[in-house]
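Heads up: the sequence lines are chains E and D, in that order.
Under our numbering, the first residue of the first sequence is numbered 22, with each subsequent residue one higher.
Under our numbering, the first residue of the second sequence is numbered 9, with each subsequent residue one higher.
The beta-carbon is built from N, C-alpha and C at its ideal position, and this holds for glycine as well.
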Amino acid sequence: MRQGKGSGTYGILDMSRFYHALSTPAVVLLTFLFLIPLSIILSKAFVGIDRGFSLERLALLVTDAYTWRILRFTLVQALVSTVVSVALGLPGAYVLATYRFPGKRIIKAICTIPFVLPSILVVLGFVIFYGNNGIVNNLLRMISGSEEPPLRILYTFGAVILAHAFYNFPIALGLISSFWEQLPSRYGQAAMTMGAKRFTVFRTVTLPRLVPAILSASTLIFLFCFSSFAIILVLGGGPRFTTLEVEIYRRARMTMDVEGAAALSLLSIAVTLLLVALHLWAQRAMAHQEEMESPGQRRLERRPESRMARIVLPLYALTTALFVLGPLFGIIYRSVQVPVSRSGDSEFSLRWYRQLFGLEEVAGSAFSVAGSAIILSLIIAAVTACLSLLFATMLAARLRTRSGSKELTMELFAMLPMAVSSVVVGLGYYLVSNIFPGSRSLRTALVVLAHVVIASPFVLRSILPEFRKIPFSYTQASLTLGATVSQTFRKVELPLLRSAMATGAAFSFAISMGEINATLVLSDSNLVTIPIVMYRLIGSYNFAGACALGTVLIAVCAVVFAITESIHRSRYV
Amino acid sequence: MKKHCLSLVLAVLLIPATIWAGGKSEQSEDARQSITVYAYDSFVSEWGPGPLVVPAFEKKTGIAVNLVSAGNGGELLSRLVLERNRPQADVVIGISDELLSETVASDLLLPYESAALSQVPAFLHFDPTYALLPFNYGNYAFVYDSAKVTEVPRSLDDLLDPRWSKSIILMDPRTSSVGMGLLEWTVAAYGDAWLEWWKKVKPNVLTIADGWSSGYGLFTEGEAPLVISYTTSPVYHVLYEDSDRYRAVVFDAGNMAVIEGAGILRSSRNIDAAKQFIDFLLTEAQADIAVANIMYPVNQTVELPAAFDFAPKPQVSLMLESERIAKNRDTWLTEWVEVMSK
Chain E
22 MRQGKGSGTY
32 GILDMSRFYH
42 ALSTPAVVLL
52 TFLFLIPLSI
62 ILSKAFVGID
72 RGFSLERLAL
82 LVTDAYTWRI
92 LRFTLVQALV
102 STVVSVALGL
112 PGAYVLATYR
122 FPGKRIIKAI
132 CTIPFVLPSI
142 LVVLGFVIFY
152 GNNGIVNNLL
162 RMISGSEEPP
172 LRILYTFGAV
182 ILAHAFYNFP
192 IALGLISSFW
202 EQLPSRYGQA
212 AMTMGAKRFT
222 VFRTVTLPRL
232 VPAILSASTL
242 IFLFCFSSFA
252 IILVLGGGPR
262 FTTLEVEIYR
272 RARMTMDVEG
282 AAALSLLSIA
292 VTLLLVALHL
302 WAQRAMAHQE
312 EMESPGQRRL
322 ERRPESRMAR
332 IVLPLYALTT
342 ALFVLGPLFG
352 IIYRSVQVPV
362 SRSGDSEFSL
372 RWYRQLFGLE
382 EVAGSAFSVA
392 GSAIILSLII
402 AAVTACLSLL
412 FATMLAARLR
422 TRSGSKELTM
432 ELFAMLPMAV
442 SSVVVGLGYY
452 LVSNIFPGSR
462 SLRTALVVLA
472 HVVIASPFVL
482 RSILPEFRKI
492 PFSYTQASLT
502 LGATVSQTFR
512 KVELPLLRSA
522 MATGAAFSFA
532 ISMGEINATL
542 VLSDSNLVTI
552 PIVMYRLIGS
562 YNFAGACALG
572 TVLIAVCAVV
582 FAITESIHRS
592 RYV
Chain D
9 MKKHCLSLVL
19 AVLLIPATIW
29 AGGKSEQSED
39 ARQSITVYAY
49 DSFVSEWGPG
59 PLVVPAFEKK
69 TGIAVNLVSA
79 GNGGELLSRL
89 VLERNRPQAD
99 VVIGISDELL
109 SETVASDLLL
119 PYESAALSQV
129 PAFLHFDPTY
139 ALLPFNYGNY
149 AFVYDSAKVT
159 EVPRSLDDLL
169 DPRWSKSIIL
179 MDPRTSSVGM
189 GLLEWTVAAY
199 GDAWLEWWKK
209 VKPNVLTIAD
219 GWSSGYGLFT
229 EGEAPLVISY
239 TTSPVYHVLY
249 EDSDRYRAVV
259 FDAGNMAVIE
269 GAGILRSSRN
279 IDAAKQFIDF
289 LLTEAQADIA
299 VANIMYPVNQ
309 TVELPAAFDF
319 APKPQVSLML
329 ESERIAKNRD
339 TWLTEWVEVM
349 SK
């Protein structure tokens, strides 16, 4: 469909040096900070036992039944997690795109929070809430009077999927709802005027047009779950559920087999890139250009019309709220409890917060790091959000114009940071860190740029579907009226992308807030951010302190997301 | 327009360059003698020994220390190997006895027979080549929740009893050094029949966590009454929570030991200062390291706080020869996965 419309008319843009140059910064950054160090690490996969070139390792891997077994499990769990996350996010996206109600911004902000949390805190939150000795089970025990925990959901495959959905459904919700908000409602209205039922309209008119956003969200979620491992091992119950990432970790960190890790990583990259390429291809094929409505232009309904929807929607809202807020509540609950007796009784106290902010001295340790970590994290995340937005938008401008194989390669290339195991990327950072010795300011810059590299795929996937939707006639009209290409880009196209850009920026902010690997390696431990303090607290037995810091992180992010949401809404008024 | 884009590209390329230049001048101002020390993250952490040990050393010797968090466990060695051509570190802290064979084989470290070693008992001298010097050690142990456990298990075999059904939290040896420690413990205890223990313990295992952090977190949340950790773990709860609820048990047949070593890099341009640092680590820093790491000091002359009475010392410290570990580790892991994932 796009072919017919696209190839001829985009010609003007293809010739424009402006669009060609736009992608340069992103490409330069990706190449130097990511591609080159990564290639050096991955090339070790071809080092044979005798130090010469050899395909031995790869051949050994590919012929091993164990490799295929864990690859199959990795794919299955990622697929199931993706389907569940999208299924959970879709009704939410519908609600956010269709109705207006008080507290909408807060809800959207809260839904983004799971994304910021390091996986160890998510595990803790799940255990505190759903665990055998968790809040839910203790409540049920009180009601039923039984000794055994009535609800045993953890340590099963289901628990893994649940945790993945908790982590990832914000992506589906965020990406799909911001796309949906700008779909013109009149096709649906027309269909309804002609007698179609609401569901028929959704199935035949709305859903097909949402496909690009759904595919975008699924790609991201799939890649996330593909490389998950901490959650899978702990909440799944052990090595029955093993992903490729576990085996990469084993080789890179436990058995000193960097070559083996590289080989396995190469296999995993090949598989993920193949799948991502398929997605990208489908997404391009499905992209429609259509008129855009900004959320301000459309009158959103106040409440559902049908009786059915009036029952189902609040029910959905309640379940989702419980699902998202439960583990978050678990973290907050633990942070305000101190043990008072040996049998496990505890009472309310703000002791962990006082310690965290240095208001209470603890024997042998200086506890006032939290304040500076919060400020540092906020600054790094804000800069990362701005830069990744800039780079990804510029890259998106280049990528939307042509559908040639060159652009597909480039798009794949831009998604690469998400497709590579973080353990292997970490090894690459050692090389980068080794080349740039010394100064703190350079280290800070490197950390920020690494965060930009990690976050850019998200911003790109948020913006690109929206960008492809912009009718070319807008651009043509602008050019005909005498605007230059760069003016058209800035004055016509960018304003239409605001909503998608805000979503992308929020995610990249969140990713940066939660990032730990690159920060630790590239800063030579000079930059102590919130997640690093959290890991260190846990590493020194202080789980409650980590929950207190987690609560602070949740609060800070809720405020930041709520502010971002209100800024990008108020522009339309 | 062309100019516009060009300047943008230039800006992107120039920012790092200018910062780099700035960094260089910063460095040259520092004429003091200095060494770079790579350590695992919890050593560098605000709650680790680093913030206590480093200032004390700098004050005593006037040598500046650049303490770098360089990854955990095997990462430290991986990083040193990757950096072979552009070495940064003078001293490395925290390579355990488990990786001795690989460390010696890498030939990156300079043997140093510190005089302080005379205060260290013989069983802790794990490296006969003196490339790695012991600075603290621990014993793996099962820690139990005394509010729930009355009859304490006394041996690895006791843990196979059906009354512990779904009651033990373990860690995956593929991703956790504590997990690897238990695997080696069973090899040390049962020899070739070690996998039998794992086959039988399976129904008693609640979950096998990815690392010590999440596993121990589950334990203190009350998910299970038993967890694999260290004999020294109760010390934390006594010191900082004023609670003796969580206790470690030592087995009559002995507990697996883990000894952490430090060493000097051959590539160091400041070997004298590095040696001073190692000496300091083995003497004056010992008490600080023990309390902050919650591990045993290697130096026998060190006095510890009373809380360490809650860290029972096993009669026997089990160990495996490092060549045996290096030779078999991969096979063990593969066999372990085979048994545990069924």
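>> I need the boundaries of the alpha helix (DSSP H) containing M275/E, first residue and last residue.
In response: Note, M275/E: premise wrong, no alpha helix (DSSP H); not H, not E.
>> Does H110/E come out as helix, strand or coil in the three-state DSSP assignment?
In response: Note that residue 110/E is Gly in the sequence shown here, rather than His. Residue state, collapsed to three classes: helix.
>> Check whether chain D comes within 8 Å of I575/E, counting only Cβ atoms and requiring the distance to be less than that.
In response: no
>> Under DSSP, the beta strand (DSSP E) around I236/D begins and ends at which residues?
In response: Taken as a continuous stretch (DSSP letters only), the beta strand (DSSP E) holding I236/D covers 234 to 238.
>> Helix, strand or coil for V213/D? Go by DSSP, reduced to three states.
In response: strand
> Secondary structure at E34/D, three-state DSSP: helix, strand or coil?
Replying inline: Reliability of the predicted coordinates at E34/D is poor, the pLDDT of 41 falling under 50, and no value is obtained from them.
> Is the number of C-beta pairs between the region 108 to 128 of chain D and the region 304 to 321 of chain D that are closer than 8 Å three or more?
Replying inline: yes
> Near E536/E, which residues of its chain fall below 6 Å by C-beta distance, leaving aside the five closest residues on each side in sequence?
Replying inline: Close CB contacts of E536/E within its chain, under the 6 Å cut and outside five residues either way in sequence, are with H472 (chain order).
> Beta-carbon separation of N189/E and S106/E under 8 Å?
Replying inline: Cβ atoms of N189/E and S106/E: closer than 8 Å.
> Is G146/E near G351/E, with beta carbons less than 8 Å apart?
Replying inline: yes
> How long is the line joining the alpha carbons of Q41/D and N547/E, rounded to whole angstroms?
Replying inline: About 20 Å.
>> For a quick check, are the C-beta atoms of V19/E and L256/E less than 8 Å apart?
In response: There is simply no residue 19/E to check, as chain E begins at 22 and stops at 594 in what is shown.
>> Can you find the residues in the same chain that come closer than 7 Å, C-beta to C-beta, to P320/D, ignoring five residues on each side of it along the sequence?
In response: T239, A256, V258
>> Determine, for T263/E, whether the minimum Cβ-Cβ distance to residues of chain D falls below 8 Å.
In response: yes
>> Ignoring anything shorter than 4 residues, give me the alpha helix (DSSP H) runs that lie fully in the region 482 to 560 of chain E, in order along the chain.
In response: Annotation note: the region 482 to 560 of chain E contains the following uninterrupted alpha helix (DSSP H) runs of length 4 or greater, listed N- to C-terminal: 493 to 501, 519 to 535, 538 to 543, 551 to 560.
> If you drop the 5 nearest sequence neighbours on each side, which residues of the same chain put their C-beta closer than 8 Å to that of E322/E?
Replying inline: Counting only Cβ-Cβ distances below 8 Å, and skipping sequence neighbours, we find T119, Y120, R121.
> Using Cβ-Cβ distances below 7 Å, what residues of the region 533 to 556 of chain E are close to chain D?
Replying inline: L541, D545, S546
>> Determine whether the beta carbon atoms of A114/E and L54/E lie at a separation below 8 Å.
In response: no
> Are the beta-carbon atoms of D218/D and A251/E separated by less than 8 Å?
Replying inline: yes
> What are the residues that DSSP puts in a beta bridge with T44/D?
Replying inline: N74/D
> What are the start and end residues of the beta strand (DSSP E) that includes F262/E?
Replying inline: Run containing F262/E: none; DSSP gives neither H nor E here.
> If we cut at 8 Å on Cβ distances, does L167/D have a partner in chain E?
Replying inline: no
> Which bits of chain D does I149/E rub up against, with CB to CB less than 8 Å?
Replying inline: E229
>> Distance check for G209/E and T221/E, CA to CA, integer angstroms please.
In response: 10 Å
> Taking Cβ positions only, does E311/D come closer than 8 Å to chain E?
Replying inline: False, the Cβ-Cβ gap to chain E never drops below 8 Å.
> Since V232/E and M163/E are thought to touch, with beta carbons under 8 Å apart, how far apart are those beta carbons, to the nearest angstrom?
Replying inline: Rounded to whole angstroms, the Cβ separation of V232/E and M163/E is 47 Å, and the two are not in contact under 8 Å.
>> Here's the rule: buried if 16 or more other CB atoms are within 10 angstroms of the residue's CB, otherwise exposed. What is A78/D?
In response: buried
> When we look at the beta-carbon of E110/D and count the other beta-carbons within 10 Å, is it buried (16 or more) or exposed?
Replying inline: buried
>> Contact criterion: CB-CB distance below 8 Å. Does F67/E meet it with respect to chain D?
In response: no
> Looking at chain E, which residues of the region 176 to 189 of chain D have a Cβ within less than 7 Å of any of its Cβ atoms?
Replying inline: Within the region 176 to 189 of chain D, the residues whose Cβ lies closer than 7 Å to some Cβ of chain E are D180, R182, T183, M188, listed in chain order.
>> On the DSSP letters alone, give me the boundaries of the alpha helix (DSSP H) that S356/E sits inside.
In response: 328 to 356
>> Once DSSP output is grouped into helix, strand and coil, what is the label at N159/E?
In response: helix
> Does F434/E get closer than 8 Å to chain D when you measure Cβ to Cβ?
Replying inline: It does not: the Cβ of F434/E has no partner Cβ on chain D nearer than 8 Å.
> Based on Cα-Cα distance, which residue from A270/D, L341/D, Q284/D lies nearest to V100/D?
Replying inline: Closest option to V100/D, Cα to Cα, is A270/D.
>> I'd like to know whether the C-beta atoms of S86/D and A283/E end up nearer to each other than 8 Å.
In response: no
> By a C-beta neighbour count over all protein chains shown, 10 Å radius and 16 as the cutoff for buried, is A498/E buried or exposed?
Replying inline: Burial call: exposed.
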